[in-house]
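Be aware that the sequence shown starts at 1, since it is given in the numbering used here, and climbs by one per residue.
Glycine included, every Cβ here is placed at the ideal spot set by N, Cα and C.
Predicted, not measured: the structure shown is a model, and the values here were computed from it.
Working notes, structure below.
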Amino acid sequence: MGFRSLDTLVDAHQSVTTKVFVDGERVYENLSTSADRPWRVYSITKSVVSLLIGIAEGEGLLSLDDPVAKYVPAWRAGPSAEVTIRHLITMTSGREWSMELDDEMVSIASDQTAFALGLGQSDSPGTVWRYDNLAAQVLEPVLTGACGDLLKFAQSRLFHPIACSDIMWQRDGAGNLLTYAGLTATAEQLGAIGQLMINRGKYGDVQVVPAEYVAQATSRGSAANSAYGYLWWSNSSGNFLDGGVAVGNAPEDSAKVGRLAPSVPADAFWALGWGSQLMAVVPSKKLVAVRLGRRPRYPDDFTIEKFTATVLDCVNW
Numbered sequence: 001m002g003f004r005s006l007d008t009l010v011d012a013h014q015s016v017t018t019k020v021f022v023d024g025e026r027v028y029e030n031l032s033t034s035a036d037r038p039w040r041v042y043s044i045t046k047s048v049v050s051l052l053i054g055i056a057e058g059e060g061l062l063s064l065d066d067p068v069a070k071y072v073p074a075w076r077a078g079p080s081a082e083v084t085i086r087h088l089i090t091m092t093s094g095r096e097w098s099m100e101l102d103d104e105m106v107s108i109a110s111d112q113t114a115f116a117l118g119l120g121q122s123d124s125p126g127t128v129w130r131y132d133n134l135a136a137q138v139l140e141p142v143l144t145g146a147c148g149d150l151l152k153f154a155q156s157r158l159f160h161p162i163a164c165s166d167i168m169w170q171r172d173g174a175g176n177l178l179t180y181a182g183l184t185a186t187a188e189q190l191g192a193i194g195q196l197m198i199n200r201g202k203y204g205d206v207q208v209v210p211a212e213y214v215a216q217a218t219s220r221g222s223a224a225n226s227a228y229g230y231l232w233w234s235n236s237s238g239n240f241l242d243g244g245v246a247v248g249n250a251p252e253d254s255a256k257v258g259r260l261a262p263s264v265p266a267d268a269f270w271a272l273g274w275g276s277q278l279m280a281v282v283p284s285k286k287l288v289a290v291r292l293g294r295r296p297r298y299p300d301d302f303t304i305e306k307f308t309a310t311v312l313d314c315v316n317w
């Protein structure tokens, strides 16, 4: 049926880049310029950071159940002593959070890692799910403590093996990599990451990310939210929260029952960034779809379900 409806949904005439891959082959692209330019992908960064955690775990450099205090000495005697890496990557750390604090870290703090580390604990770890940029930035000292120079680790273990060495990573004023939203990448590069996920962490003959970790990261990560894995959005069934992030609406306090995107296959999963930066992966269809660029004119109408379902409808199966 062609891709006309996808062109309409993604505002193809605006400043956007959209690509669709099936079984590793590009079947659709719309470029806002003559080249596949890099875009800041915001919170898609979190999903890439998740893969670095999986690689580090596979190499024995860390365990998901390590207390964060192992890498952040200031937490060892405080109320956050029981927070683990698993709590951070499932958004169940219970760390202090508010929209105002989030804005202050992102917009004002020069040392964003220090700002995130210096906050308090508002809930017991593992009891509450809350989409939290501040907690995600705590992964910077964790990964640095476990792996050494984080950029070098990312380049050698992930970006170079999948031929994406020129992905860029922003730092804050103190020189810390931004683990919640710092990557700049092209749609083609994200397509390679999506294909890596379809292949259960394998690129060619190389197992880049442990297959078991990929499966865990893209399914239910905690009892608190079936729609969130390890910094990836999941389509698993259960009681779920979208945090106002995945669907474009204001957050809701109460959980819903079912799947985040019931009209698309249950094995679908997503990496999602501010402004509708989006990568959809549907392993059962061998499909990866990426949309990057300017925020849609009607962002509340641009949901991960609508994007994924439209792509699936457009592909000539």
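Asked, Found
"Can you tell me whether lysine 285 is buried or exposed, with buried defined as 16 or more other CB within 10 angstroms of its CB?", "buried"
"Measuring straight from C-alpha to C-alpha, what distance separates arginine 86 and glycine 2?", "42 Å"
"Helix, strand or coil for glutamate 59 per DSSP?", "coil"
"Might you give, ordered along the chain, the residues of its own chain that have their beta carbon closer than 8 Å to the beta carbon of alanine 250, omitting 5 neighbours on each side?", "Below a pLDDT of 50, predicted positions are generally treated as unreliable, and alanine 250, at 46, falls in that range; the measurement from the model is reported next regardless. Cβ within range, chain order: Gly244."
"Report the option in Gly275, Gly238, Pro265 and Arg200 whose CA atom is closest to the CA atom of valine 257.", "Gly238"
"Taking the alpha-carbon positions, what's the alanine 136 to serine 236 distance?", "22 Å"
"So does the region 163-179 actually touch the region 103-116, counting three or more Cβ pairs closer than 8 Å?", "yes"
"Whose C-alpha, out of Ser93, Glu305 and Leu52, is nearest the C-alpha of cysteine 147?", "Leu52"
"If you reduce the DSSP assignment to three classes, tell me which class arginine 26 lands in.", "strand"
"Looking at the secondary structure, which residues open and close the beta strand (DSSP E) in which asparagine 239 lies?", "238-240"
"How far does the beta strand (DSSP E) with methionine 279 in it extend, from its first residue to its last?", "277-282"
"Fully enclosed by the region 157-235, which alpha helix (DSSP H) runs are 4 residues long or longer?", "187-198 and 211-217"
"Provide the residue span of the alpha helix (DSSP H) that contains glycine 2, from first to last.", "First-last for glycine 2: undefined, no H or E at that position."
"Distance, Cα to Cα, leucine 61 vs valine 209?", "14 Å"
"What is the rounded straight-line gap between the Cα of threonine 84 and the Cα of alanine 223?", "15 Å"
"Under 7 Å from any heavy atom of the ligand SAM, does the C-beta of alanine 192 make it?", "Looking for the ligand SAM in the displayed structure turns up nothing, as the structure carries no ligands at all."
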